[in-house]
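Colleague: Sequential numbering of the sequence shown, starting at 0, is according to numbering that gives the first Met the number 0.
Note that beta-carbon positions come from the ideal geometry of N, C-alpha and C, so glycine has one too.
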Amino acid sequence: MNIEITKFELINRLMCTTDEAILDQLMSVFNKAGNTPETISIAQYNKELDAAEARIKSGKFINHDDLELESEGW
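Below is the structure:
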């Protein structure tokens, strides 16, 4: 199975679960695997945001319709 599809399915299941024990177990697995999200400073976040906005202003983006067409080939 495609890893992106698997991630999407896991996200959907996480959003639907009401069992805190399952969430605790998953957090434990992720913590043991060292899969903790990388934190960045506010300054770094703002720098990345400025760069993204500059790309958009210069036309370096893909619109929703084109992305849907592109994703059909994935």
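(1) If we ignore side chains and look at the alpha-carbon of each, how far apart do residue 43 and residue 35 end up?
(2) Candidates 54, 47 and 24: which alpha carbon is nearest residue 32's?
(3) For residue 64, name the three-state secondary structure that DSSP assigns.
(4) What do you reckon, are the CB atoms on residue 22 and residue 16 nearer than 8 Å?
(5) Using the C-alpha atoms, what's the distance from residue 73 back to residue 3?
Modeller: So, from the data block:
(1) 18 Å
(2) 24
(3) helix
(4) yes
(5) 10 Å
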